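Protein chains in written order, with my numbering: chain A, 311 to 529; chain B, 311 to 529. Okay, so here's the structure we're looking at.
2 protein chains.
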Amino acid sequence: MKTQTAWDDGTKKRLIEAAGEVFAQSGYRSATVREICKRANASVSAVNYHFKDKEGLYSAVFEYAHRLATEKYPHDWGLGPGATPEERLRVFIRSLLLRGLGGGFPAWHEKLVTAEISDPSGIFSKVAESSIRPMHGLLEEIVRELLKKNNPFGEADDETIRICSMNVVGQCIFQHHARQLMVFEISKNMKPEEIVAISEKIFRFSIAGIRAIASDTHC
Amino acid sequence: MKTQTAWDDGTKKRLIEAAGEVFAQSGYRSATVREICKRANASVSAVNYHFKDKEGLYSAVFEYAHRLATEKYPHDWGLGPGATPEERLRVFIRSLLLRGLGGGFPAWHEKLVTAEISDPSGIFSKVAESSIRPMHGLLEEIVRELLKKNNPFGEADDETIRICSMNVVGQCIFQHHARQLMVFEISKNMKPEEIVAISEKIFRFSIAGIRAIASDTHC
DNA sequence: GACAGATTAGAACGCTTGTTCTAATTAATA
DNA sequence: TATTAATTAGAACAAGCGTTCTAATCTGTC
Numbered sequence: 311m312k313t314q315t316a317w318d319d320g321t322k323k324r325l326i327e328a329a330g331e332v333f334a335q336s337g338y339r340s341a342t343v344r345e346i347c348k349r350a351n352a353s354v355s356a357v358n359y360h361f362k363d364k365e366g367l368y369s370a371v372f373e374y375a376h377r378l379a380t381e382k383y384p385h386d387w388g389l390g391p392g393a394t395p396e397e398r399l400r401v402f403i404r405s406l407l408l409r410g411l412g413g414g415f416p417a418w419h420e421k422l423v424t425a426e427i428s429d430p431s432g433i434f435s436k437v438a439e440s441s442i443r444p445m446h447g448l449l450e451e452i453v454r455e456l457l458k459k460n461n462p463f464g465e466a467d468d469e470t471i472r473i474c475s476m477n478v479v480g481q482c483i484f485q486h487h488a489r490q491l492m493v494f495e496i497s498k499n500m501k502p503e504e505i506v507a508i509s510e511k512i513f514r515f516s517i518a519g520i521r522a523i524a525s526d527t528h529c
Numbered sequence: 311m312k313t314q315t316a317w318d319d320g321t322k323k324r325l326i327e328a329a330g331e332v333f334a335q336s337g338y339r340s341a342t343v344r345e346i347c348k349r350a351n352a353s354v355s356a357v358n359y360h361f362k363d364k365e366g367l368y369s370a371v372f373e374y375a376h377r378l379a380t381e382k383y384p385h386d387w388g389l390g391p392g393a394t395p396e397e398r399l400r401v402f403i404r405s406l407l408l409r410g411l412g413g414g415f416p417a418w419h420e421k422l423v424t425a426e427i428s429d430p431s432g433i434f435s436k437v438a439e440s441s442i443r444p445m446h447g448l449l450e451e452i453v454r455e456l457l458k459k460n461n462p463f464g465e466a467d468d469e470t471i472r473i474c475s476m477n478v479v480g481q482c483i484f485q486h487h488a489r490q491l492m493v494f495e496i497s498k499n500m501k502p503e504e505i506v507a508i509s510e511k512i513f514r515f516s517i518a519g520i521r522a523i524a525s526d527t528h529c
């Protein structure tokens, strides 16, 4: 009766992880179930049995990847409630980069996101709402605090907050894009120290940028 | 004998423009020749006759789009040779955004690039080298001057220059991504004033970021 | 060992893809 | 007008896709 044991070490997990790689590399439409099953050493009927659809498999992959990624690299990396917005931004950027640029299992989560961005499958909208939205909200909250802190008299409008947030995310996402383009094999993963070094540069870049924008708002 | 007249107003041009839209929206693999031909009011054999392949059509589209985009929005927007690097960066960012966010024909060029980034077709590497490389080189030259200008004693290494350049491009590219994700219909184009306003914010953000990075380099 | 349910293997089906092929049509020249 | 080449239309083809189906196998319980 303990059929759930299969989840941890059975074909179900193997399928999810193989699918994650393929989906991340090729996008939803271009990925084929046969390729996924071949990598997972499973039969094509297994995906139908466990997930009903290719679409069901994709949703499962996305949820699994998101759970793993945020467990390993949370947005608030052991930060106390009294942390300054600067610290929170630094940690946010570092986590986002570690999640996407590192090798191994949680690596293809961000690649999945970026693949979805330029070739929307439609499934994304339903599934990713729950994973993207709160992340986005957290970042905007950080940016709002930073803007207010650096210009207490001016009022930061939503448009300004949104653009600053997008600038931060854009810098991080583009790291995946560019490296995926340069290096053909996806498995070429970077050392954590390198990733942290990059995130530090992006952090300083962004902090200065936000402060500049803050002092631009007519007070 | 004047068979080249067909290029300007014949099915060849219609095919290219229809293909541009479809490729930009769906990526190379997901786009179908039948859909392209339907939009262009052409027969499926026309693509084979004029371009030999789906791949040939793609290459033609890319070259055409790149030519149109850089003609309409050059990287150096009527700037004299004595322009400051700050001015050149502002113009660079503005052109990049106008090229990608505006509606109409040159709009899908950048979308093509971003689609290619996350779902590389392999054709890209050959074709886009000539369009991406010089753009990238120009931006790195601007960044190098800015870094040196803001810290005459420190020497800016290549890694720093590259990351700053990537940050600038990442912010611009992400504007396409995010808006493509939010708004489903691709034809939802923005007004030029809005685009310029965004580019101005990104410029101030980036200038401040680069200056911060410059003063970080150990002198 | 025997039975029942869970799981897998692999062929089969219907559909869509890119490409090719032949006949029809158009355009230009003499 | 006759002839020749350029272009188009639309059916046809092989390959690949996601999915479904049935028989085989495994797994746990009596």
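The beta-carbon is built from N, C-alpha and C at its ideal position, and this holds for glycine as well. Note that the structure is predicted; figures quoted are calculated from it, not measured.
- Could you confirm whether any beta carbon from chain A is found closer than 7 Å to the beta carbon of residue 445 of chain B? Not a single CB atom of chain A sits nearer than 7 Å to the CB of residue 445 of chain B.
- Task: Report yes if the C-beta distance between residue 374 of chain B and residue 326 of chain B is below 7 Å; otherwise report no.
- Result: Yes. Within cutoff.
- So what does DSSP say about residue 338 of chain B, is it helix, strand or coil? Look at residue 338 of chain B here: in three-state DSSP terms it is helix.
- Chain-order list of residues whose beta-carbon lies under 6 Å from that of residue 356 of chain B (same chain, five-residue window excluded): A distance below 6 Å between beta-carbons, with the five flanking residues on each side excluded, links residue 356 of chain B to the following residues of its chain, in chain order: 321.
- Message: Does chain A have any CB closer than 7 Å to the CB of residue 524 of chain B?
- Response: Contact with chain A is absent for residue 524 of chain B, since none of that chain's Cβ atoms lies less than 7 Å from the residue's Cβ.
- Can you tell me where the alpha helix (DSSP H) with residue 370 of chain B in it begins and where it stops? The continuous alpha helix (DSSP H) containing residue 370 of chain B extends over residues 364-382.
- residue 448 of chain B and residue 360 of chain B closer than 7 Å at C-beta: Contact: no.
- Message: Would residue 509 of chain B and residue 404 of chain B be called neighbours here (beta carbons separated by less than 7 Å)?
- Response: Residue 404 of chain B sits close to residue 509 of chain B, with the two beta carbons spaced by under 7 Å.
- Roughly how far, in whole angstroms, is the beta-carbon of residue 334 of chain A from the beta-carbon of residue 421 of chain A, given that I think they are within contact range, below 8 Å? Right, their Cβ atoms sit about 4 Å apart.
- Out of B:478, B:489 and B:381, state which residue places its alpha-carbon closest to the alpha-carbon of residue 520 of chain B. Closest in C-alpha terms to residue 520 of chain B, from the list B:478, B:489 and B:381, comes B:478.
- Return no unless some Cβ of chain B is closer than 7 Å to the Cβ of residue 511 of chain A. By this cut-off, residue 511 of chain A is an interface position.
- Query: Of all the residues that make up the segment 474-487 of chain A, which are near chain B by a beta-carbon distance shorter than 8 Å?
  - Reply: Those residues of the segment 474-487 of chain A placed with their C-beta closer than 8 Å to a C-beta in chain B are 474, 476, 477, 479, 480, 481, 482, 483, 484, 485 and 487, ordered along the chain.
- Report the option in A:371, A:409, A:324 and A:366 whose CA atom is closest to the CA atom of residue 383 of chain A. When C-alpha distances from residue 383 of chain A are compared across A:371, A:409, A:324 and A:366, the shortest belongs to A:409.
- Query: Which term fits residue 497 of chain A, buried or exposed, when burial requires 16 or more other beta carbons within 10 angstroms of its beta carbon?
  - Reply: Note that residue 497 of chain A scores 44 on pLDDT, short of 50, meaning its location in the model is unreliable and no value can be drawn from it.
- Task: Could you spell out the range, first to last residue, of the alpha helix (DSSP H) harbouring residue 519 of chain B?
- Result: Following the DSSP letters along the chain, one finds residue 519 of chain B inside the alpha helix (DSSP H) bounded by residues 502-526.
- Query: For residue 515 of chain B, which of B:472, B:392, B:328 and B:400 has the nearest alpha-carbon?
  - Reply: Scanning B:472, B:392, B:328 and B:400 for the CA closest to the CA of residue 515 of chain B turns up B:400.
- Can you find a C-beta in chain B that's less than 7 Å from the C-beta of residue 518 of chain A? By this cut-off, residue 518 of chain A is an interface position.
- CA nearest to the CA of residue 411 of chain A, picked from A:513, A:523, A:506 and A:518: Measuring from the Cα of residue 411 of chain A, the nearest candidate turns out to be A:506.
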